[in-house]
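Protein sequences, first through last, are from chains H and X. Just so it is clear: in the first sequence, position 428 is 427 by numbering that gives the first Met the number 0, and no numbers are missing. Just so it is clear: in the second sequence, position 155 is 154 by numbering that gives the first Met the number 0, and no numbers are missing. Here is the structure we will look at, set down as C-alpha cells.
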Amino acid sequence: MLTGWLIPPACALLLGLWRYRTGPLVRALLRRHPGVALVFVGLIAVATGLGLALGVQERGIRAGSAGAADRFDLLITAPGNDTGALLAAVYLQGADLPLLSGETFRRIRNDPAVAMAAPLAFGDSVGHAPMVGTTAAFVRYLVAGDAAAGDAAVLDEGRLFLNAREAVIGAEVTLSLGQRVEPSHGIGGAVSGSHAHLQIELTGRLARTGTPWDRAVIVPVETVWLAHGLGDGHAADARGALGPPFDPSRMPGVPAVVVRATTPGGHYTLRERFTDAGSMAFFPAEVLMRLYAVLGDVRRLMSWLSGLTQVLVVIAIGVALSILLRGFSRRFAMLRALGAPRRFVFSLVWTYAAILLLVGALAGIGVGVLAASVLADRITAASGVRMPVSLTLSDLIVPAMLAGVSVLLAVLPAGLLARRPIVADLRG
Amino acid sequence: MRSSNASEGVALAVRELCVRAPSGRTLLEVGVLDVAHGAFVVLAGASGAGKSTLLFTLAGLQRPASGSIRWGATEIATLGEAARARFRAERVGLVFQDFLLFDELSALDNAALAGAWSARPASVVVRQRAADLLAWLGLDAQDARPVSTLSGGERQRVAVARSLAADPSILLADEPTASLDRDAADRLTQTLRRIADERCRAVLVVSHDPTLIEAADRVVRLVDGRVCDVAL
Numbered sequence: 000m001l002t003g004w005l006i007p008p009a010c011a012l013l014l015g016l017w018r019y020r021t022g023p024l025v026r027a028l029l030r031r032h033p034g035v036a037l038v039f040v041g042l043i044a045v046a047t048g049l050g051l052a053l054g055v056q057e058r059g060i061r062a063g064s065a066g067a068a069d070r071f072d073l074l075i076t077a078p079g080n081d082t083g084a085l086l087a088a089v090y091l092q093g094a095d096l097p098l099l100s101g102e103t104f105r106r107i108r109n110d111p112a113v114a115m116a117a118p119l120a121f122g123d124s125v126g127h128a129p130m131v132g133t134t135a136a137f138v139r140y141l142v143a144g145d146a147a148a149g150d151a152a153v154l155d156e157g158r159l160f161l162n163a164r165e166a167v168i169g170a171e172v173t174l175s176l177g178q179r180v181e182p183s184h185g186i187g188g189a190v191s192g193s194h195a196h197l198q199i200e201l202t203g204r205l206a207r208t209g210t211p212w213d214r215a216v217i218v219p220v221e222t223v224w225l226a227h228g229l230g231d232g233h234a235a236d237a238r239g240a241l242g243p244p245f246d247p248s249r250m251p252g253v254p255a256v257v258v259r260a261t262t263p264g265g266h267y268t269l270r271e272r273f274t275d276a277g278s279m280a281f282f283p284a285e286v287l288m289r290l291y292a293v294l295g296d297v298r299r300l301m302s303w304l305s306g307l308t309q310v311l312v313v314i315a316i317g318v319a320l321s322i323l324l325r326g327f328s329r330r331f332a333m334l335r336a337l338g339a340p341r342r343f344v345f346s347l348v349w350t351y352a353a354i355l356l357l358v359g360a361l362a363g364i365g366v367g368v369l370a371a372s373v374l375a376d377r378i379t380a381a382s383g384v385r386m387p388v389s390l391t392l393s394d395l396i397v398p399a400m401l402a403g404v405s406v407l408l409a410v411l412p413a414g415l416l417a418r419r420p421i422v423a424d425l426r427g
Numbered sequence: 000m001r002s003s004n005a006s007e008g009v010a011l012a013v014r015e016l017c018v019r020a021p022s023g024r025t026l027l028e029v030g031v032l033d034v035a036h037g038a039f040v041v042l043a044g045a046s047g048a049g050k051s052t053l054l055f056t057l058a059g060l061q062r063p064a065s066g067s068i069r070w071g072a073t074e075i076a077t078l079g080e081a082a083r084a085r086f087r088a089e090r091v092g093l094v095f096q097d098f099l100l101f102d103e104l105s106a107l108d109n110a111a112l113a114g115a116w117s118a119r120p121a122s123v124v125v126r127q128r129a130a131d132l133l134a135w136l137g138l139d140a141q142d143a144r145p146v147s148t149l150s151g152g153e154r155q156r157v158a159v160a161r162s163l164a165a166d167p168s169i170l171l172a173d174e175p176t177a178s179l180d181r182d183a184a185d186r187l188t189q190t191l192r193r194i195a196d197e198r199c200r201a202v203l204v205v206s207h208d209p210t211l212i213e214a215a216d217r218v219v220r221l222v223d224g225r226v227c228d229v230a231l
C-alpha cells in the first residue's frame, strides 16, 4: 500500500529528471520564489505531521499505559467502579474508594493460589507527590519484577523503609533523602489537612519505572493507617512490625490489593474467587482494553477530522500551486516557443510540484515525530506515564498517501499549463 | 542601409498569408515575402502593425488562417502543434525583447536550455555548442554566476547563444535591442549581422532601432497588418 502511493511521485521524478533533464530548471523555479516554496512545504508538512502524530501518539498512550500496569497482575477492590480503582491504584489518580476489610485481606493472602498480596493505601500526599502505602515486597516487585530483588536492583540510592516512620521516593520526586516530611490528607487540590503528628524520613530513592509511581512517596501501608490514627493493623504482640500478616480485627482496611498468583492461570481462578458481594477482582489489562476501545473511537473520529483537514489542505495546495505556476506561464511559453514539447513543460511542472509535495511529506514525518514527542512529554509530565514514541512503516502511509494524491492532482495544473496559448503568454 | 550580399537561395517563402484573431478579425495579410539564406531582414512598422504577429507566425507559434509559409522544403502552415514544436526546436532560434532567461541559472545553463528536451547524445552537443557560442559572443562559459548578475547586453548575448545552441537555420528576434543601452544595442546589432554573414543564417528582426535598420539587408515595413514597403 505504501509503495502504491509512492508510484505517482516516482513517475513524476522519473519523467522529469531522467527522461527529460528538468533538474536545473526545477532548481531555478524553486529559487524563484523560495519563500512561497517554503510555505508550501510547511503547509504540507503540518498537514502530514498532524495525521502521523495522531497515530504515533495513540500507540504511545496504549504502550505507556499498558506498561504502567504491567506489574499489577490482578487488582482486588471493594465492589464498585473498576476504572476508578485502576486509575487510583496504578495511575495514582485521587479517588475515594470503599475499603476491603481486614478479613477479606486475610482470605486473599491465605489463598493457596496467591504468591503475593500487597495492600495499596492511597489518598494522602506529601507536597505535590501522592503518598502510597504498601509493602516492601511489592515495591521490589514493582521496580525490579521480583519481590525478593536486592536493594541494588530496586534503589538508585539509600535503602528501603524499615519502620512506619520511613519512606522511599520515586525517581522523579524532587525531595531529598534524609529530609523529614509531613503527609497531608488528600491529593493535589483536594488536600484537606495535615497529618502533622507524623514525621516521615525519606530513606531511599527508587530506580525509574516509567510509571506514575516515579512521582510518589511510598510508605509502609502501616504509615497510612497511623497517619489517620487507625493503629498499625498488627496484633498487640507484633507492634512495630511491617507488612503482612495483619490482625484482621485490627486492620483498618485498604482500598485495593494487588495480587500475583503462583501460576499465570491462577489469576483467573482468583478473579473468579474474589468477585463476590464483598470484593471485586479484575485484570487491569481488561479495563485498559475497554479504555482503548474508547480511545480507538476517538482516534477514528480524529482520523476523519484529520483526513478532512488534509483533503482541504490538498485542495488549498492545488489552488495555490496553480496560482504560483501561472506566475511562471511566460517562462513556460518561452520554453515552448524554443521548441520544448508540451510533455516537457508538463514534466517540468509536474516534477516541480512533486518535489515540493515530497519534501513537504518528508518534512511532515519529522513534524509528526516532533509533535508526538512534544505531546508525549506533556502527557508524561501530566501523568508520569512514560510514552514511547516510535515510528512504524504503517505510520508512513499517511505522508505517502498525501504525497501520492497531491502529485496525482498536480497532473491537472501541469496539463493545463502545458496547453496554454504560447503567443498570449509570451505577450504577457 | 547595408547593401545585400546574402547567399544564394530562398530560406523563407511566404505566399498569401492571412492571420486572424479568434474573433475573426484579420490581423495580418502578406501576399509575397521571400528571405534568402544569410539575409538580415528587419520587420519595421508602428505599434500594432502586425510585426510580432508576423514573426510569431513565421516561427510557427501561431497558425495562419490561410496561405503558405515555407522554410526551405518545410511547409509549416499546415503542421500540427507537435510538428511545429519539433520544427522550432530543430530549425528556429528565437530572441525576445526582455531576454526571458532563467535568472537563477548560469549563462551556460541558459544557453544550453534546448539540451533539456533533446535526446541525450544531442544534449551533450547542444551544451558544447552553447559553450562555444558564449565564447564567440565574448562571454565566459565557465562563469557559474546566475545571469541575473550580468548586464543587460550580456544577458541578451546569452539569449542569442541560447537561440543558436540547437544550430537552427533561422534566427527570429523580437525587438532584441529595446531593453539595451546604445552600446549594448550596437554590439548586438553587430552580432546579428555576423550571424547572418558568418553563419549564413536567415535573420529576421522586429525592430524600430535605426542602427539595426541601417545594418539590415532588407527592411519590410508593415502598416495595419499589410506589407506595404520592402526596402532594399
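Cβ atoms here follow ideal geometry from the backbone N, Cα and C, with glycine treated the same way. Predicted, not measured: the structure shown is a model, and the values here were computed from it.
Asked                                                                                                                      : Found
Minimum Cβ-Cβ distance from X:CYS17 to chain H less than 9 Å                                                               : no
Pairwise C-alpha distance: H:THR379 and H:VAL45                                                                            : 23 Å
Interface residues of chain X facing H:PRO340 [CB-CB closer than 7 Å]                                                      : ALA81, ALA84, TRP116
Given H:ALA371 as reference, the closest of H:VAL38, H:PRO420, H:PRO243, H:LEU51 once Cα atoms are compared                : H:LEU51
Presumed contact (8 Å Cβ cut-off) between H:LEU401 and H:VAL313, rounded CB distance                                       : 7 Å
Which residues DSSP lists as bridging H:HIS184, in chain order                                                             : H:ASP123
C-alpha distance - H:GLY239 paired with H:GLY230, whole-angstrom precision                                                 : 10 Å
Closer than 9 Å to chain X by CB, H:ARG325                                                                                 : no
Option nearest H:GLY54 by Cα separation, candidates H:ILE396, H:GLY3, H:LEU290, H:ASP123                                   : H:ILE396
Cβ pair count under 8 Å reaching 3, the segment 81-90 of chain H against the segment 409-424 of chain H                    : no
Reference X:LEU187; option with closest CA among X:ALA143, X:ARG225, X:SER150, X:CYS227                                    : X:SER150
Span of the alpha helix (DSSP H), counted from its first residue to its last, around H:PHE345                              : 341-382
Strand pairing of H:GLY157, partner residues [DSSP]                                                                        : H:GLY203
As assigned by DSSP and simplified to three states, the class of H:PHE273                                                  : coil
Beta-carbon proximity check, H:ASP246 vs H:GLY232, cutoff 9 Å                                                              : yes
Whole-angstrom distance between H:LEU320 and H:GLY185, CA atom to CA atom                                                  : 58 Å
Option nearest H:ARG105 by Cα separation, candidates H:ALA94, H:PRO78, H:VAL253                                            : H:VAL253
Supposed close pair X:TRP116, H:PHE343 - CB separation, criterion 8 Å                                                      : 4 Å
Beta-bridge pairing of H:PHE281 - partner residues as DSSP gives them                                                      : H:LEU74
Inter-residue CB distance, H:VAL153 and H:VAL142 (contact presumed, cutoff 8 Å)                                            : 5 Å
Any chain X beta carbon closer than 9 Å to H:THR422                                                                        : Sequence inspection shows Val at residue 422 of chain H; the Thr mentioned does not correspond to that position. Judged by the 9 Å Cβ criterion, H:VAL422 is in contact with chain X.
Chain H contact for X:PHE95 (CB, 9 Å cutoff)                                                                               : yes
Best match in X:ARG217, X:PRO209, X:LEU170 for proximity to X:ALA88 [C-alpha to C-alpha]                                   : X:LEU170
Distance between beta carbons of X:LEU99 and H:ARG329, contact taken as under 8 Å                                          : 7 Å
CB contact check: X:VAL13 to chain H, cutoff 9 Å                                                                           : no
Residues near H:ALA381 in its chain [Cβ-Cβ closer than 6 Å; skip 5 each side]                                              : none
Residues, ordered as in the chain, of the segment 23-55 of chain H that lie near chain X by beta-carbon distance below 9 Å : PRO23, LEU24, ARG26, ALA27, LEU28, LEU29, ARG30, ARG31
Coarse secondary structure for H:LEU91, derived from DSSP in three states                                                  : coil
Residue-level contact to chain X via CB, H:ALA336, 9 Å cutoff                                                              : yes
C-alpha gap between H:ALA423 and H:LEU311, whole angstroms                                                                 : 32 Å
Beta-bridge pairing of X:ILE68 - partner residues as DSSP gives them                                                       : X:VAL13
The segment 128-139 of chain X in contact with the segment 52-65 of chain X per 3-pair CB rule at 8 Å                      : no
Environment of H:MET288 [buried if 16+ CB atoms lie within 10 Å]                                                           : exposed
X:GLU7 in three-state terms, based on DSSP                                                                                 : Annotation note: pLDDT 49 at X:GLU7 (below 50); position unreliable, no value reported.
H:ARG299: contacting residues in chain X (beta-carbon distance under 9 Å)                                                  : What H:ARG299 touches in chain X: nothing, since even the nearest Cβ is about 46 Å away.
X:VAL226 vs X:LEU32 beta-carbon contact at 9 Å                                                                             : yes
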